[in-house]
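Chemist:
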Amino acid sequence: MSSELGSVADLPAEYYQGLVSRNTLPLWPSLRAVLPYGKPNRRTRPILWRYADVRPDLIRAGELTPIEKAERRVIVLCNPGLGIENMQVTPTIYIGLQLILPGETAPNHRHTPSAVRFAIEGSGGFTVVRGEKLPMEKGDLILTPPGLWHEHGHEGTGPVIWLDALDLPLVYGIDASYAIEAKPQQVTDPGNASAARFAQGGVIPYGSLARQRADYPLLRFPWRGVRRVLADMAGTTPPHEAVHVAYVNPETGRECLPTLGFSALMLRPGEDLALRRRSASAVLHVVEGGGTAVVDGVSLPFGESDTLAAPTHAQIRLANASAKSPAFLFMVDDAPLHRKLGFYEVFD
Ligand code: GTQ
55 MSSELGSVAD LPAEYYQGLV SRNTLPLWPS LRAVLPYGKP NRRTRPILWR
105 YADVRPDLIR AGELTPIEKA ERRVIVLCNP GLGIENMQVT PTIYIGLQLI
155 LPGETAPNHR HTPSAVRFAI EGSGGFTVVR GEKLPMEKGD LILTPPGLWH
205 EHGHEGTGPV IWLDALDLPL VYGIDASYAI EAKPQQVTDP GNASAARFAQ
255 GGVIPYGSLA RQRADYPLLR FPWRGVRRVL ADMAGTTPPH EAVHVAYVNP
305 ETGRECLPTL GFSALMLRPG EDLALRRRSA SAVLHVVEGG GTAVVDGVSL
355 PFGESDTLAA PTHAQIRLAN ASAKSPAFLF MVDDAPLHRK LGFYEVFD
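Going by the working numbering, the sequence shown opens with residue 55, and the numbers climb by one from there.
Have a look at this one:
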């Protein structure tokens, strides 16, 4: 059934050169490369960035580059398999570690890519999104959906560092990435009122039932509650089944953002967990604990605040190194995009 296809070398040179000169190409020499049988060609390498390696460079950026010269003071994680200059961890996911120092502000803007922040270190940082001031304490997830104004600040002491995840490679790749800058926002909600509106799972403001269009009603997901839910679920989740929760839009029950999905996992003490293989690419960030990830056979020992890349269709195993303490991981993936494109798959 599957036969060897013709190559460029099989063609008369003047024919091939003629095609190229007319901005055309024959498909058959490239067909198997762009449509391989069974599994995609994956350039994404399973690799890990240690926080202990990135943090000193980020702190040094704070000394070298004033915020006015950076707007966003970010060290970007770049997967060498995708070309380091392309600033991709996976083909759709951009990850940067952002530093803000006391008293600094990262100015107000909005853009077409979707973004989230996941707080890693420090206290007193905040993001203002759509006029709502959102505190950023370790492990908190803050959404900055496409088109919503956002700016960052820091009212505490010491460095504040968070992880930025954007669908920038995707949006840039379709020539659709741009930003608009503006004056600082009027803070209309200094107290994170949406947290109160959606504090109780399964209960939403009555008017939400009649709403037609999902418009990002909840922008901040505090870690404290997510960690508690995972710890509570751990006791009743069967062994070999993942203790895993998804962040969702509380009005729709569906993913928070159009292209990227967010979830959190707990590895019980001593647990060695095989995740179900999926079509989506993913990034795992360690919130607490340590262990080893094995991604497509590549062993990646991880500790707190480290971040790793998993290609599409990857086999992922996660082992908690501790027999006494749980480990917690935050996951970003492009499953929502795969679902929208109609080819999301879970294997095995
Ligand atoms: O904080 O708005 O890492 O616009 C890259 C682009 C962060 C941000 C990034 C951005 C931001």
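Just so you know, even glycine gets a beta-carbon here, dropped at the ideal spot from N, CA and C.
Helix or strand or just coil, what does DSSP make of residue 75?
Modeler: Here residue 75 sits in helix by DSSP.
Chemist: Alpha carbon to alpha carbon, how far is residue 83 from residue 61? Give it in angstroms, no decimals.
Modeler: Spanning the two alpha carbons is a distance of roughly 5 Å.
Chemist: Among 155, 130, 137, which one has its Cα closest to the Cα of residue 210?
Modeler: Taking only the C-alpha atoms, the option nearest residue 210 is 155.
Chemist: By how many angstroms is the C-alpha of residue 259 removed from the C-alpha of residue 100?
Modeler: Rounded to the nearest angstrom, the two C-alpha atoms are 42 Å apart.
Chemist: Can residue 126 be considered in contact with the ligand GTQ, in the sense that its beta carbon sits closer than 6 Å to one or more heavy atoms?
Modeler: The answer is yes for residue 126.
Chemist: Any idea which residues DSSP pairs residue 187 with across the strands?
Modeler: BP columns for residue 187 point to 182.
Chemist: Leaving out five residues before and five after residue 287 in sequence, what residues of the same chain have Cβ atoms less than 8 Å from its Cβ?
Modeler: Contacts found: 297, 299, 320.
Chemist: Thinking just about the alpha-carbon of each residue, which of 199, 208, 306 is nearest to the one in residue 264?
Modeler: Measuring from the Cα of residue 264, the nearest candidate turns out to be 306.
Chemist: Using a Cβ-based criterion (distance less than 6 Å to any ligand heavy atom), does residue 218 qualify as near the ligand GTQ?
Modeler: Yes, the ligand GTQ has a heavy atom inside 6 Å of this Cβ.
Chemist: So which of 130, 68, 269, 237 has the shortest CA-CA distance to residue 248?
Modeler: If we check each option's Cα against that of residue 248, 269 comes out closest.
Chemist: Taking the beta strand (DSSP E) that residue 216 falls in, what are its first and last residues?
Modeler: Run containing residue 216: 214 to 220, per the beta strand (DSSP E) assignment.
Chemist: In three-state terms, what does DSSP make of residue 110?
Modeler: Of the three classes helix, strand and coil, the one that applies to residue 110 here is helix, per DSSP.
Chemist: Is it true that the segment 111 to 122 meets the segment 366 to 376, where meeting means three or more beta-carbon pairs spaced less than 8 Å apart?
Modeler: Touching, no, given that fewer than three Cβ pairs across the two stretches are closer than 8 Å.
Chemist: Alpha helix (DSSP H) containing residue 318: first to last residue?
Modeler: Here residue 318 belongs to no alpha helix (DSSP H); instead the beta strand (DSSP E) covers 315 to 321.
Chemist: Closer than 6 Å by C-beta to residue 162: which residues in its own chain qualify, once you throw out the five before and the five after it? Chain order, please.
Modeler: Answer for residue 162: 203, 205, 236, 238, 239, listed in chain order.
Chemist: So residue 250 is in the alpha helix (DSSP H); what residue range does that whole segment cover?
Modeler: First-last of the alpha helix (DSSP H) with residue 250: 247 to 251.
Chemist: For the ligand GTQ, I want to know if residue 150 counts as a neighbour, meaning its beta carbon is within less than 6 Å of at least one of the ligand's heavy atoms.
Modeler: It does: the Cβ of residue 150 is within 6 Å (strictly closer) of some heavy atom of the ligand GTQ.
Chemist: Have a look at 330, 311, 278, 274 and flag the residue whose alpha-carbon is nearest the alpha-carbon of residue 294.
Modeler: Among 330, 311, 278, 274, the Cα nearest to that of residue 294 belongs to 330.
Chemist: State whether the segment 208 to 223 contacts the segment 174 to 184, with contact taken as three or more CB pairs (one from each stretch) at a distance under 8 Å.
Modeler: Yes: the two stretches touch, three or more of their Cβ pairs being nearer than 8 Å.
Chemist: For a test of the three-state rule: what should DSSP assign to residue 398, helix, strand or coil?
Modeler: It is coil, neither helix nor strand.
Chemist: When you compare only the Cα positions, how much space is there between residue 357 and residue 312?
Modeler: Going from the Cα of residue 357 to the Cα of residue 312 covers about 30 Å.
Chemist: Does the pairing of the segment 131 to 148 with the segment 84 to 91 give three or more beta-carbon distances under 8 Å?
Modeler: Judged by Cβ distances under 8 Å, the segment 131 to 148 makes no contact with the segment 84 to 91, as fewer than three pairs qualify.
Chemist: Is the separation between the beta-carbon of residue 345 and that of residue 374 shorter than 7 Å?
Modeler: Cβ atoms of residue 345 and residue 374: closer than 7 Å.
Chemist: May I ask which residues mark the beginning and end of the alpha helix (DSSP H) holding residue 265?
Modeler: Looking at the DSSP string, residue 265 is not in any alpha helix (DSSP H), and its letter there is neither H nor E.
Chemist: Got a sec? Which residues, its chain only, sit under 6 Å from residue 280 by beta carbon, not counting five neighbours each side?
Modeler: These residues qualify, in order along the chain: 318.
Chemist: Could you tell me which whole beta strand (DSSP E) segments of length 3 or greater appear in the segment 126 to 202?
Modeler: Here the runs fully enclosed are 128 to 131, 148 to 154, 159 to 165, 169 to 175, 179 to 183, 186 to 190, 195 to 198.
Chemist: Check this for me: beta carbons of residue 159 and residue 116, under 7 Å apart or not?
Modeler: No; because the gap between Cβ atoms is not below 7 Å, this pair is not in contact.
Chemist: By Cβ distance, which residues of its chain are closer than 8 Å to residue 59, with the 5 residues on each side in sequence left out?
Modeler: Same-chain partners within the cutoff: 82, 83, 85, 86.
Chemist: Roughly how many angstroms lie between the CA atoms of residue 251 and residue 303, to the nearest whole one?
Modeler: Cα to Cα, the separation comes out at about 13 Å.
Chemist: Measure the alpha-carbon distance for residue 290 versus residue 283 and round it to whole angstroms.
Modeler: Whole-angstrom Cα-Cα distance: 12 Å.
Chemist: Taking just the CA atoms, how far does residue 76 sit from residue 274?
Modeler: So the alpha carbons of these two residues sit roughly 52 Å apart.
Chemist: Just how far apart, CA to CA, sit residue 151 and residue 180?
Modeler: About 15 Å.
Chemist: Check for me: the beta strand (DSSP E) holding residue 463 runs from which residue to which?
Modeler: Nothing about residue 463 can be reported from this structure: the residues present for the chain run from 55 to 402 only.
Chemist: Might you give, ordered along the chain, the residues of its own chain that have their beta carbon closer than 7 Å to the beta carbon of residue 342, omitting 5 neighbours on each side?
Modeler: Same-chain partners within the cutoff: 358, 381, 382.
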